[in-house]
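So the protein sequences, as listed, match chains Z and X. Residue numbers for the first sequence follow our numbering, so the first one is 30 and each next one is one higher. Residue numbers for the second sequence follow our numbering, so the first one is 353 and each next one is one higher.
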Amino acid sequence: MTARYVAPVLMGLFMLALWEGLVRAMAIPSYILPGPILVAKTLVSDWGTLWPALLVTLRITLEALVAAVLVGVSLALLFSLSRWIELSLFPYAIILQVTPIVAIAPLIIAWVDDVNVSLLICAWLVAFFPILSNTVLGLRSVDRNLLDLFELYGASRWRTLIDLRLPAALPYFLGGLRISGGLALIGAVVAEFVAGSGGRESGLAYRILESGYQLKIPRMFAALVLISLAGIAIYLLLALVSHLSLRRWHESALSEE
Amino acid sequence: MLLVRVRDVSRVFANGVQALGGASLDIGTGEFLSVLGPSGCGKSTLLRLIAGLAEPSAGTIDWPQGRPDIGFVFQEPTLMPWTTTLGNVALPLKLRGQARSEREARAAEALAGVGLQGFEKSYPRELSGGMKMRVSIARALVTAPRLLLMDEPFAALDEITRRKLNTDLLALWERTRFTAVFVTHSVFESVFLSQRIAVMSARPGRVRSELAIPAPYPRTETFGTSAEYAAHCRLASAQLSEAMAA
């Protein structure tokens, strides 16, 4: 159990030490590759710039994720109610999913006046599909016999949805949510890169671009570290949500006995 | 008294397979009837038709005394993994809009009836196969149905558990005398349990013959080893072979 945490931490410390050692030994200039200590120092000294940027990116990520959950789950419910709606809409959902966001982001940014809204749309586009497809799968993966049982006792469609289909779909939905959390962050960052908007309200991706232009490479690394940490935090948070909702009954959340 | 009259019922699936080919059967109030037949002979389909979960393609199903409350036990326990045994057993009452406290009291009673008091808060994954099946039976009985339909409920269980459940099921039946229709492919099980056996032919299934098992209840392990039991098994076996050959 402890090896699970100790091993990766030791490995990480070793790699950081190796990195710092190489940078010093070979006297690599900081505009090519800054050492981890310099990156850490920059993170602290530039916190005043980086922290607000992180908040901007996180806000877009979170809003996109919420929108993805709302639209994804609503569409999935709609699909489960009507085969016709599913047949006519699902192919387009797939098209949206397979079209690279980098390719359509410029269009969306050109069409939508408010940059924040266009960033939100881009992040949402990337994030909503896993939730949609997983929830559709979950709503369909209901035990046939349980459906028969509900019919036998005269349950309405609504009751069957609330008491049977939704709980059965929950593990699938949560799996999709975990994927979408990371994707929403990626979507937000990619869209910021494409938009390249300056000003007060810019996110981390813009800070990275800006640092690149100004050859402030340590700050670029510091921003990268923040994005990675944000991604990890989102994943862990959603994994915790999933664990807490499923721990009583679902195989995926049970400890190995 | 006649509870249900099944006449010349056929059922053709959407893929063209004919599961039932004119099955007729009378079921009396309070009797324990087994439907015995080979795999795929349409036994389960017959049960689903009686339960109203499917419509016959031809033929009629009449209820001279009106359609009673029906309990159904599936081949698998078919429990909802996300709720406790109590929540599972209380489900039929919940679907009928009964208040929480009332339905939970009745569910606890039904659980005690199948020997599972103390397991109200357990989740299905924490129970053994035999216990899950007991929960399933408690759920089917919680509405105090006049007709209990069982679709090979013990087929997936080991021999020892199955025997125990067989005797416990009989005890439940003797206590409340619901009408029991028990589908099985086991000659021994059908003879041990029932007052009457309907033997079905291979697909498309029909009721080929009927056989009375006049032995008195309570039936215990002693009955299961008696010469009388063996004689009935031999007879039922012969009828099953005949039905399958026809």
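Glycine is no exception: its CB is placed at the ideal position from the N, C-alpha and C atoms.
Alpha carbon to alpha carbon, what distance is there between G211 of chain Z and G228 of chain Z?
-> The predicted position of G228 of chain Z is uncertain, since its pLDDT is 48 and thus under 50; no value can be drawn from it.
What are the partner residues of S561 of chain X, as DSSP defines its beta bridges?
-> For S561 of chain X, which the question treats as bridged, DSSP gives the partners X:V551.
Using 8 angstroms as the limit for Cβ to Cβ distance, is F202 of chain Z near chain X?
-> Chain X, which has no Cβ nearer than 8 angstroms to the Cβ of F202 of chain Z, makes this no.
Using 8 angstroms as the Cβ pair cut-off and three pairs as the minimum, do the stretch 555–575 of chain X and the stretch 370–389 of chain X touch?
-> Judged by Cβ distances under 8 angstroms, the stretch 555–575 of chain X makes contact with the stretch 370–389 of chain X, as three or more pairs qualify.
Run the CB neighbour count on A32 of chain Z, radius 10 Å, all protein chains shown included, and call it buried at 16 or more, exposed below.
-> Its Cβ having fewer than 16 others within 10 Å, A32 of chain Z is exposed.
Euclidean distance between Cα positions of I402 of chain X and A464 of chain X = Looking at the two C-alpha atoms, the distance is approximately 28 angstroms.
Where E428 of chain X meets chain Z, residues with beta-carbon distance less than 8 angstroms | Within chain Z, the residues near E428 of chain X are N174.
Within this structure, are the beta carbons of L217 of chain Z and F158 of chain Z separated by less than 8 angstroms?
-> Before going on, a small fix: residue 217 of chain Z reads as Ala here, not Leu. It is not a contact, given that the beta carbons lie outside the stated cut-off.
Residue-chain proximity (M483 of chain X, chain Z), Cβ-Cβ < 8 angstroms = Taking Cβ atoms only, chain Z never reaches closer than 8 angstroms to M483 of chain X, which makes this a no.
Whole-angstrom distance between G423 of chain X and R498 of chain X, CA atom to CA atom = It is roughly 8 angstroms from the alpha-carbon of R498 of chain X to the alpha-carbon of G423 of chain X.
For R188 of chain Z, which residues in chain X fall below 8 angstroms Cβ to Cβ?
-> Residues of chain X passing the Cβ test: L447.
CB-CB length for Y475 of chain X against P444 of chain X, believed under 8 angstroms | Contact doesn't hold; Cβ gap of about 19 angstroms is too wide.
With a threshold of 16 other CB atoms inside 10 Å of the CB of L193 of chain Z, please say whether the residue is buried or exposed.
-> Taking all protein chains shown into account, L193 of chain Z has 16 or more neighbouring C-beta atoms within 10 Å of its C-beta and is therefore buried.
Quick one: which unbroken alpha helix (DSSP H) runs of 4-plus residues sit fully inside the stretch 176–252 of chain Z? Chain order, please.
-> Taken in chain order, the complete alpha helix (DSSP H) segments of 4 or more residues contained in the stretch 176–252 of chain Z are 186–189, 195–224, 233–242.
Who are the neighbours of D177 of chain Z on chain X, taking C-beta pairs under 7 angstroms?
-> By Cβ distance, chain X contributes L405.
Are the C-beta of R486 of chain X and some C-beta of chain Z separated by less than 8 angstroms?
-> At a cut-off of 8 angstroms between beta-carbon atoms, R486 of chain X makes no contact with chain Z.
Which of helix, strand or coil does DSSP assign to I379 of chain X?
-> Reduced to three states, the DSSP call for I379 of chain X is strand.
Touching or not, the stretch 191–209 of chain Z and the stretch 45–55 of chain Z, by the rule of three or more beta carbon pairs under 8 angstroms?
-> No, because fewer than three Cβ pairs between the stretch 191–209 of chain Z and the stretch 45–55 of chain Z fall closer than 8 angstroms, the two stretches do not touch.
Establish whether the CB of I489 of chain X and some CB of chain Z are separated by less than 8 angstroms.
-> Residue-level contact by beta carbon fails for I489 of chain X and chain Z, as no gap is shorter than 8 angstroms.
Helix, strand or coil for S362 of chain X per DSSP?
-> DSSP places S362 of chain X within a strand segment (E or B) once states are collapsed to three.
Option nearest A532 of chain X by Cα separation, candidates X:V387, X:L372, X:Y581 | Closest by C-alpha distance to A532 of chain X, out of X:V387, X:L372, X:Y581, is X:V387.
Kindly indicate if chain Z contains any beta-carbon less than 8 angstroms away from that of R419 of chain X.
-> No, R419 of chain X does not count as interfacial toward chain Z.
Rounded to whole angstroms, what's the CA-CA distance from E454 of chain X to E461 of chain X? Just pull it up for me.
-> Linking E454 of chain X to E461 of chain X through their CA atoms gives a straight-line distance of about 11 angstroms.
Determine contact between the stretch 175–193 of chain Z and the stretch 254–272 of chain Z, defined as no fewer than three beta-carbon pairs at a distance below 8 angstroms.
-> By the Cβ criterion, the stretch 175–193 of chain Z is not in contact with the stretch 254–272 of chain Z, since fewer than three pairs of Cβ atoms, one from each stretch, lie closer than 8 angstroms.
Mind pulling the chain X residues with CB within less than 8 angstroms of A184 of chain Z?
-> Neighbours of A184 of chain Z on chain X, chain order: L447.
Separation of S538 of chain X from Y581 of chain X, as counted between CA atoms | Between the alpha carbons of Y581 of chain X and S538 of chain X lies a gap of roughly 14 angstroms.
Nearest-angstrom Cα distance between G225 of chain Z and Y235 of chain Z?
-> A direct Cα-to-Cα measurement between G225 of chain Z and Y235 of chain Z gives close to 6 angstroms.
Put G57 of chain Z into one of helix, strand or coil per three-state DSSP.
-> Going by the sequence as given, residue 57 of chain Z is Ile instead of Gly. The answer is coil: DSSP assigns I57 of chain Z none of H, G, I, E or B.
Is the CB of L168 of chain Z under 8 angstroms away from at least one CB in chain X?
-> By this cut-off, L168 of chain Z is not an interface position.
Answer yes or no: does any C-beta atom of chain X fall closer than 8 angstroms to that of L180 of chain Z?
-> First, the amino acid is wrong: residue 180 of chain Z is Glu here, not Leu. At a cut-off of 8 angstroms between C-beta atoms, E180 of chain Z counts as an interface residue with respect to chain X.
Please classify S291 of chain Z: does DSSP put it in a helix, a strand, or coil?
-> This structure does not reach residue 291 of chain Z, given that chain Z is present from 30 up to 286, and the question cannot be answered.
Can you name, in chain order, every residue of its own chain whose Cβ lies under 8 angstroms from the Cβ of R53 of chain Z, other than the five neighbours on each side?
-> Closer than 8 angstroms at Cβ, skipping near neighbours: G64.
Where P247 of chain Z meets chain X, residues with beta-carbon distance less than 8 angstroms | Residues of chain X whose Cβ lies closer than 8 angstroms to the Cβ of P247 of chain Z do not exist; the shortest such Cβ separation is about 50 angstroms.
Using a Cβ cut-off of 8 angstroms, pull out every chain X residue sitting near G277 of chain Z, in sequence order please.
-> Position check: residue 277 of chain Z holds Arg in this sequence, whereas Gly was assumed. In chain order: W434, Y475.
Could you tell me whether any Cβ in chain Z is nearer than 8 angstroms to the Cβ of F471 of chain X?
-> So, not an interface residue.
Taking 8 angstroms as the CB-CB cut-off, is P497 of chain X touching chain Z?
-> It does not: the Cβ of P497 of chain X has no partner Cβ on chain Z nearer than 8 angstroms.
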